[in-house]
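Comments concern the structure below.
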Amino acid sequence: MSTFAHTLNEQVGYEFTASQQYIAIAAYYDAQTLPQLAAHFYRQAVEERNHAMMMVQYLLDADQEVAIPGVDAPQTQFADAVAPVSLALAQEKRVTAQIVELVKLAREEGELVGEQFLHWFLQEQREEVASMTELLTIVERGKDNLLHVEEHLGRAAGGESPLGAGAPPAAGGAL
Ligand SMILES: [Fe+2]
Ligand SMILES: [Fe+2]
216 MSTFAHTLNE QVGYEFTASQ QYIAIAAYYD AQTLPQLAAH FYRQAVEERN HAMMMVQYLL
276 DADQEVAIPG VDAPQTQFAD AVAPVSLALA QEKRVTAQIV ELVKLAREEG ELVGEQFLHW
336 FLQEQREEVA SMTELLTIVE RGKDNLLHVE EHLGRAAGGE SPLGAGAPPA AGGAL
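In our numbering, the protein residues as written are 216 to 390.
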């Protein structure tokens, strides 16, 4: 396996780790009867799962070995309602750095097809860091009355990302 393929297999694990973390955050909000915040993170969890499966499809298409990794246990307890969003933003920034490293590796190894595949993920990370930064601002502003946050998310719901149409195919189909 090339270093690029090996590192992309590792990234599959990080995407599933992100998915598990978002499920944990969604369950935390759901338990506090904050359904819009919960729904937001349940959706994010599915998106991260789809990212992992896009990488699996790439490895299959490139005739590279697929070695699905295990995931670390997510954080399930939080000091307050702001903490999960801070954690989520840190996670998105970490994933951005990981994707950037993958692009560099693809370039070093002359894997230009792999590099092109990753361009969508660079755009996706720009969008996810931006939207999580915005959500952090909203939750910090509304932390004393989370119903304001719920109302805001309720109004904002339904805005599909324009990146959806150009997304790479996911193994087994995107959910
Ligand atoms: Fe992702
Ligand atoms: Fe993400």
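Every residue, glycine too, gets a C-beta built ideally from N, C-alpha and C.
Proximity below 9 Å, CB of residue i to CB of residue j
i: F293; j: L302; result: yes
i: M270; j: Q226; result: yes
i: H334; j: V318; result: yes
i: G329; j: P284; result: no
i: A282; j: N224; result: yes
i: E262; j: M216; result: no
i: V365; j: P289; result: Here the sequence assigns Glu to residue 365, which means Val is not the residue at that position. No, they are not a contact pair.
i: A241; j: H255; result: yes
i: F219; j: A321; result: yes
i: A296; j: Q247; result: yes
i: Y237; j: Q259; result: yes
i: E342; j: L368; result: no
i: L350; j: V315; result: no
i: L362; j: R264; result: no
For residue i, three-class secondary structure by DSSP
i: P250; result: helix
i: F256; result: helix
i: L390; result: coil
i: S217; result: coil
i: E307; result: helix
i: G285; result: coil
i: T222; result: helix
i: P299; result: helix
i: F231; result: helix
i: Q313; result: helix
i: N265; result: helix
i: Q279; result: coil
i: Q290; result: coil
i: A241; result: helix
i: A385; result: coil
is_contact[residue i, chain D] using C-beta, thresh 9 Å
i: A386; result: Of the chains in the structure shown, none is chain D; there is only one protein chain.
#### Entry: Beta carbon nearer than 6 Å to a non-hydrogen atom of ligand 1
The set of residues with CB atoms less than 6 Å from any heavy atom of ligand 1 reads, in chain order, E230, A233, E263, H266, V310.
### Task
Could you name each continuous beta strand (DSSP E) segment of 3 residues or more that falls completely within the segment 317–357, going from the start of the chain to the end?
Taking 3 residues as the minimum length, the segment 317–357 contains no beta strand (DSSP E) run wholly inside it.
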